[in-house]
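Data first, discussion second: the structure below is written as structure tokens.
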Amino acid sequence: MDELQAWLDKMENYRLPRFEDLPELDLYRDQLLTLVDKYIGPIWLEDGPVVTTSMVNNYVKNGLLPHPEKKRYTREHLAYLIAITFLKQVVSISDIQEGLEIQTNLNGGIAKAFDFFCEKQELALRMLNHREEGQILSEKNQSSAYLMVEMVTMAFATKLITKKILMLETNNLDEKS
4 MDELQAWLDK MENYRLPRFE DLPELDLYRD QLLTLVDKYI GPIWLEDGPV
54 VTTSMVNNYV KNGLLPHPEK KRYTREHLAY LIAITFLKQV VSISDIQEGL
104 EIQTNLNGGI AKAFDFFCEK QELALRMLNH REEGQILSEK NQSSAYLMVE
154 MVTMAFATKL ITKKILMLET NNLDEKS
């Protein structure tokens, strides 16, 4: 459990860049992929790259990412790609598309929506290490099996409420149009 606690402690200090910290210069796809790996790589647990060329192509094709201009990507593309990379671990691509649209509109654009997302993601990662009255690895429940059940049930619950919120927001948008 010491290794898990060390990893949780590392999550306390993880920070994503804010929109203003993203490069203003247009990027080629390989530069885009390198930056996503730089920003997300420190907490990525999967083998292989964080994002691939085919993923980017599919996101553009499916409308999650805007088309690049003259094979160049902007910081808006980078912000969307970072958010999509996190979100696809939890929700479907169609839910991501709806959620990105809702959040971008609610926050008045991609810059504010991205910064809001980053703040909330960092908070969620810090919360892994803290819960209710104390540490997630409390004296009473130091079993990794117990913790695994606790985390998977929380993941399901948060995924469920996310889906319900998206359904409600989509219905609200439909009623307004």
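According to our numbering, the residues represented by the sequence shown are 4 to 180, in order.
All residues carry an ideal CB built from backbone N, CA and C; glycine is no exception.
If you're wondering where the values come from, they're calculated on a predicted model, not measured in any experiment.
Q: Pull up the distance between the alpha-carbon of T88 and that of S180, whole angstroms please.
A: One alpha carbon belongs to T88, the other to S180, and they sit about 30 Å apart.
Q: Can you have a look at H80 and say buried or exposed, based on whether 16 or more other CB atoms are within 10 angstroms of its CB?
A: buried
(Q) Suppose only complete runs of 4+ residues qualify. What are the alpha helix (DSSP H) ranges in the segment 81-159, listed by chain order? (A) 96-109, 113-130
Q: Could you tell me whether the Cβ atoms of R18 and D118 are closer together than 7 Å?
A: At a Cβ-Cβ threshold of 7 Å, R18 and D118 do not count as neighbours.
Q. Going straight from the alpha carbon of E104 to that of H70, what length do you get?
A. 16 Å
**Q.** Cβ contact check for the segment 32-52 and the segment 97-113: 3 or more pairs under 8 Å
**A.** By the Cβ rule, the segment 32-52 does not count as touching the segment 97-113, because fewer than three pairs are nearer than 8 Å.
Q) Hey, L67 and I96 are a contact pair by Cβ (cut 8 Å); roughly how many whole angstroms apart? A) 7 Å
Q | CB contact flag (L11, L131, <7 Å) | A | yes
Q | Euclidean distance between Cα positions of E178 and A158 | A | 30 Å
Q: Per DSSP, which residues does E72 bridge with? Please list them.
A: In the DSSP assignment, the residues bridged to E72 are R75.
Q | Limits of the unbroken alpha helix (DSSP H) element including D1 | A | The displayed coordinates of the chain run from 4 to 180. Any statement about residue 1 would go beyond what the structure contains.
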